[in-house]
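Residue numbers (this note's numbering): 19 to 345.
Here is the structure we will look at.
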C-alpha cells in the first residue's frame, strides 16, 4: 500500500493526459479520501466529470496556478500534491516566452509557497527531458521550475513540507504523442513526416508514468530528482511498429528540437545514483537534513543519460505489444 493511500490529494493540470490516468489509478488502487482536480479549462473538467461520473471523492476546482489566492483555497486540507500543470509546446514557447515564464516558473513558485503555507506533506513536480541541458525556452522554464522545487525544501525549513521532482521522456498515449498522428496519416495513405531518421527517443507508457510518480512519494525524503530507467527507440523502428510499410519523408529538425533526448546531463553525474528502476539526482546544496538514499550505486564520472547511449531498447515487436496494451 502506498503512503498516499487514503489521503487527500491535489493534482494541478489534472485534466491532461497524465492527470486523467492518475485519477483512474488512484480511484481504483489508492482509496483516496478526496482528489482535488485543479485546472483552468472548464470544458476539460466537464469531460473528466463524464469519465468518472458522480464519484464523491472528486472535487473540481477551476483555477490557474498563476492565481495564488485560488491555489490557497484549493489546497486547504491537502496531504499530497502532484504538480502537472504547465505550458508545454516547444514552438509556441518561442513566440510567447512571457506566458511560459508566467506559468512554468512563476506559477510553480506559487505552488511551492502555498504548499508550505497549507502544510502539505509532500509535493512531486513533473518535469521533462527538455529540462536537461535545455536548448529551447520551454526546457529552460522547466529547468528553473525543477530547481525551484528542490530549493523549496530550503524555504520549508522547519515546516513539514518536502519537495521532489520526477523527470521522464515521451509518453505513449499522451496528447503530445506522435503515435496518433502516424496512425491517422497511414490510414489516409499519406507519407509520414520524420524530422530526422537518426533520431532516438525515450518511451514510457501512461500507466508506467503514473506508477513511477506514486512510488516516488514512498521513496522521497525531499530534494531528489527521480528519473526512471526506461527504454529508448529509434524513430524509424517506431514508424515500422505503428505503420509498417508506410512512406516517410524528412522535414528537418525543428527549432529547439534535439536529435537525441537527454534526462541527466554529464555535469550532474557526480550527484547521481543508479538504482534498479531509476536514477536519483541528489541536490547540490541541502540544508534541510537530506540524507543520501541507501542501496544506490554511484554512476561513473561524466555519465549522461541520453536516448542514444541507453542500455535499454525497444524493438519493433516490443513497441507493438505496448501499443496493444495502450488500446
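Ideal Cβ placement from N, Cα and C applies to all residues, glycine included.
Predicted model, so just to flag it, every value in this text is computed and none were measured.
| task | Compare the beta carbon distance of residue 103 and residue 83 with 7 Å and say whether it is the shorter of the two. | result | On the chain shown, position 85 is the one that residue 103 refers to. On the chain shown, position 65 is the one that residue 83 refers to. Residue 83 sits close to residue 103, with the two beta carbons spaced by under 7 Å.
| field | For residue 47, the three-state DSSP class (helix, strand or coil) | value | Position 29 of the chain shown, counted from the first residue, corresponds to residue 47. The answer is helix: DSSP assigns residue 47 an H, G or I state.
| task | May I ask you to report which of helix, strand or coil DSSP gives residue 308? | result | The count along the chain shown starts at 1 and reaches residue 308 at position 290. Coil.
| said: When you compare the CB positions of residue 178 and residue 139, do they come within less than 7 Å of one another, or not? | reply: The count along the chain shown starts at 1 and reaches residue 178 at position 160. The count along the chain shown starts at 1 and reaches residue 139 at position 121. Using a Cβ distance threshold of 7 Å, residue 178 and residue 139 count as a contacting pair.
| Helix, strand or coil for residue 237 per DSSP? | To locate residue 237, count along the chain shown from 1; it is residue 219. DSSP places residue 237 in helix when its eight states are reduced to three.
| task | Could you say which of 279, 328, 320, 289 lies nearest to residue 311 if we only look at CA atoms? | result | Locating residue 311 in the chain shown gives position 293, where the first residue counts as 1. With distances taken between Cα atoms, residue 311 lies closest to 289.
| From this set, 164, 336, 264, which residue's C-alpha is nearest residue 302's C-alpha? | Against the chain shown, residue 302 aligns to sequence position 284. For the residues 164, 336, 264, the minimum Cα distance to residue 302 belongs to 164.
| request: Compute the beta-carbon to beta-carbon distance between residue 144 and residue 92, rounded to the nearest angstrom, for a pair I have assumed lies under 8 Å. | output: In the chain shown, residue 144 corresponds to position 126, counting from 1. In the chain shown, residue 92 corresponds to position 74, counting from 1. The pair is not a contact, with the Cβ atoms about 18 Å apart (cut-off 8 Å).
| message | Taking its Cβ as the centre, do 16 or more other Cβ atoms sit within 10 Å of residue 126, making it buried, or is it exposed? | response | Indexing the chain shown from 1 puts residue 126 at position 108. Flag for residue 126 reads buried.
| query | Quick one: is residue 295 buried, meaning 16 or more other Cβ sit within 10 Å of its Cβ, or exposed? | reply | One-based indexing of the chain shown puts residue 295 at position 277. Result: exposed.
| said: Any contact between the segment 225 to 241 and the segment 265 to 283? By contact I mean 3 or more CB pairs, one from each, below 8 Å. | reply: No, they do not touch.
| field | Opposing strand residues paired with residue 267 [DSSP bridges] | value | What you label residue 267 is simply residue 249 of the chain shown in a count that begins at 1. Bridge partners of residue 267: 211.
| field | Unbroken beta strand (DSSP E) run spanning residue 100, endpoints | value | Here residue 100 refers to the residue found at position 82 when the chain shown is read from its first residue. In this chain, the beta strand (DSSP E) harbouring residue 100 covers 98 to 101.
| Residue environment, residue 171, which counts as buried when at least 16 other CB atoms sit within 10 Å | For this step, residue 171 is matched to residue 153 along the chain shown. Residue 171 comes out buried.
| message | Can you give me the C-alpha to C-alpha distance between residue 152 and residue 72, rounded to a whole angstrom? | response | What you label residue 152 is simply residue 134 of the chain shown in a count that begins at 1. What you label residue 72 is simply residue 54 of the chain shown in a count that begins at 1. Approximately 42 Å, taken between the alpha carbons.
| said: Can you confirm whether the segment 154 to 161 touches the segment 108 to 115 when touching is taken to mean that 3 or more C-beta pairs between the two stretches lie within less than 8 Å? | reply: Because the criterion of three Cβ pairs below 8 Å is met, the segment 108 to 115 and the segment 154 to 161 touch.
| query | Secondary structure at residue 333, three-state DSSP: helix, strand or coil? | reply | Here residue 333 refers to the residue found at position 315 of the chain shown. Residue state, collapsed to three classes: coil.
| said: Please classify residue 64 as buried or exposed, where buried requires at least 16 other C-beta atoms within 10 Å of its C-beta. | reply: Counting from 1 along the chain shown, the entry for residue 64 is found at position 46. Label assigned to residue 64: exposed.
| said: Between the alpha carbons of residue 323 and residue 201, how many angstroms are there, rounded? | reply: On the chain shown, residue 323 is found 305 positions in, with the first residue counted as 1. On the chain shown, residue 201 is found 183 positions in, with the first residue counted as 1. Rounded to whole angstroms, residue 323 to residue 201 spans 29 Å at the Cα level.
| request: Label residue 242 either buried or exposed according to how many other C-beta atoms from any shown protein chain fall within 10 Å of its C-beta, with 16 as the threshold for buried. | output: Locating residue 242 in the chain shown gives position 224, counting from the first residue. When all chains shown are included, residue 242 counts as buried.
| query | Are residue 231 and residue 184 closer than 7 Å when you measure CB to CB? | reply | Numbered from its first residue, the chain shown carries residue 231 at position 213. Numbered from its first residue, the chain shown carries residue 184 at position 166. Yes. Within cutoff.
| said: Can you tell me where the beta strand (DSSP E) holding residue 218 begins and where it ends? | reply: Sequence index remark: in the chain shown, residue 218 carries index 200 (1-based). Taken as a continuous stretch (DSSP letters only), the beta strand (DSSP E) holding residue 218 covers 218 to 223.
| query | Can the beta-carbon of residue 287 be found closer than 7 Å to that of residue 321? | reply | Against the chain shown, residue 287 aligns to sequence position 269. Against the chain shown, residue 321 aligns to sequence position 303. For residue 287 and residue 321, yes; Cβs fall inside 7 Å.
| Rounded C-alpha distance that separates residue 252 from residue 267 | In the chain shown, the residue the question calls residue 252 occupies position 234. In the chain shown, the residue the question calls residue 267 occupies position 249. In this structure, the CA atom of residue 252 is about 16 Å from the CA atom of residue 267.
| Are there 16 or more other CB atoms within 10 angstroms of the CB of residue 327, so buried, or fewer, so exposed? | Within the chain shown, residue 327 is the residue found at index 309, counting from 1. Exposed is the label assigned to residue 327, since fewer than 16 other Cβ atoms lie within 10 Å of its Cβ.
| Cα separation between residue 292 and residue 221? | By 1-based counting over the chain shown, the position of residue 292 is 274. By 1-based counting over the chain shown, the position of residue 221 is 203. Roughly 19 Å between the two C-alpha positions.
| With burial defined as no fewer than 16 other Cβ atoms inside 10 Å of the residue's Cβ, what is the status of residue 147: buried or exposed? | By 1-based counting over the chain shown, the position of residue 147 is 129. Taking every protein chain shown into account, the CB of residue 147 has 16 or more other CB atoms within 10 angstroms, so this residue is buried.
| task | From the DSSP output, in three-state form, read off residue 323 for me. | result | Counting from 1 along the chain shown, the entry for residue 323 is found at position 305. Annotated three-state conformation of residue 323 is strand, per DSSP.
| task | Can you give me the Cβ contacts of residue 99 inside the same chain, cut-off strictly under 8 Å, excluding the 5 residues immediately before and after it? | result | The sequence position of residue 99 within the chain shown is 81, counting from 1. Hits under 8 Å: 27, 28, 29, 30, 93, 129, 133, 138, 140, 141, 142.
| Taking the runs of the alpha helix (DSSP H) that are 4 residues or longer, which of them lie wholly in the segment 83 to 132? | Taking only runs of at least 4 residues, the alpha helix (DSSP H) segments lying wholly in the segment 83 to 132 are 86 to 92, 108 to 113, 115 to 118.
| request: State the DSSP-derived secondary structure class of residue 153, mapped to helix, strand or coil. | output: Counting from 1 along the chain shown, the entry for residue 153 is found at position 135. Three-state DSSP puts residue 153 in coil, outside helix and strand.
| task | Identify the continuous alpha helix (DSSP H) that holds residue 253 and give its terminal residues. | result | Here the question's residue 253 lines up with position 235 in the chain shown. 253 to 260 is the span of the alpha helix (DSSP H), which, as asked, contains residue 253.
| Run through DSSP, which three-state label would residue 27 get? | Here residue 27 corresponds to residue number 9 of the chain shown, with the count starting at 1. The DSSP-derived three-state label of residue 27 is strand.
| From which residue to which residue does the beta strand (DSSP E) around residue 281 run? | Within the chain shown, numbered from 1, the residue matching residue 281 stands at position 263. In the DSSP assignment, residue 281 falls within the unbroken beta strand (DSSP E) covering 280 to 282.
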